[in-house]
Amino acid sequence: EDAALLKLIETGGLREAAERGLPEVWIELADLLNNGRTNKQCRDRFQNHLRTGIKKGNWTKEEIKLIEDMYKSFGS
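Whatever position you read off the sequence shown (first residue = 1), add 1 for our numbering.
Printed below as a string of C-alpha cells:
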C-alpha cells in the first residue's frame, strides 16, 4: 500500500500538495488508490510515515540537549 500511495503521489506530480496536506488531494488519491482506505487514512500514513524528512531513529545528543534547554526555559 505504501508503494502504491507514493507512486500515485509522484506520478501525479502531487508531492508538494501532499506535503501541504490539501484535503482535495487526499480525496482524489484515496479514490485512485481504491483499496478501501479513506482520504484521512492516506493523508495520515503519508504525513506520519512516508513524507520526506521523517526521522526514524534515536535522537541525537544535540536534539536531547535542545529539549533539555527548552524545558529549563519554558517548563512542561
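Ideal Cβ placement from N, Cα and C applies to all residues, glycine included.
- Task: With distances taken Cα to Cα, identify the nearest neighbour of Leu-9 among Ile-55, Ser-74, Leu-34, Lys-66.
- Result: Along the sequence shown, one-based indexing puts residue 9 at 8. Taking only the C-alpha atoms, the option nearest Leu-9 is Leu-34.
- Item | Neighbourhood of Arg-21 by C-beta, 6 Å cutoff - its chain only, sequence neighbours within 5 removed | For the purposes of this step, residue 21 is identified with residue 20 of the sequence shown, where counting begins at 1. Nothing meets the Cβ criterion.
- Item | For Lys-62, three-class secondary structure by DSSP | Numbered from 1 along the sequence shown, position 61 holds the residue referred to as residue 62. Reduced to three states, the DSSP call for Lys-62 is helix.
- Report buried or exposed for Trp-27, applying the criterion of at least 16 other Cβ atoms within 10 angstroms of its Cβ. As a working mapping, residue 27 is identified with position 26 in the sequence shown. Buried: at least 16 other Cβ atoms inside 10 Å.
- Is DSSP giving Ile-55 helix, strand or coil here? Residue 55 sits at position 54 when you count from the first residue of the sequence shown. Of the three classes helix, strand and coil, the one that applies to Ile-55 here is coil, per DSSP.
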